[in-house]
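In our numbering, the protein residues as written are 1481 to 1590. All remarks here apply to the structure that follows.
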């Protein structure tokens, strides 16, 4: 199994979720996060004062998929989240050694 973590723009979450659902991915975790990459934030105005916004709002989308589905899921996330501009996000893929269902304590296999 693989854990796929992607950091995407907030307005792209529904498109990413729909793209993963089309692949048959049913379990998904979405978390509000803040951060920056190459864009390093931006300057904003509030009540006539200019200030730096260095940590931008993003969304982290996490899914666990069978190993053979990981590449397809990554491609679907990238297609759904891409705008072509700086700040589109990143995708990270991690191996998952074991997974347990809390309710029963059962070890889950792919």
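We treat Cβ as the ideally placed atom computed from N, Cα and C, and that holds for glycine.
In this structure residue 1518 is exposed. Its beta-carbon is surrounded by fewer than 16 other beta-carbon atoms within 10 angstroms.
Of all alpha-carbon atoms in 1561, 1537 and 1589, the one lying nearest the alpha-carbon of residue 1486 is that of 1561. Taking a cut-off of 8 Å on C-beta distances, the stretch 1567 to 1585 touches the stretch 1486 to 1496, as three or more cross pairs fall below it. Counting only runs of 4 or more residues that sit fully inside the stretch 1507 to 1574, the alpha helix (DSSP H) segments are 1550 to 1561, in chain order. Counting along the chain, residue 1483 sits inside the beta strand (DSSP E) bounded by residues 1482 to 1488.
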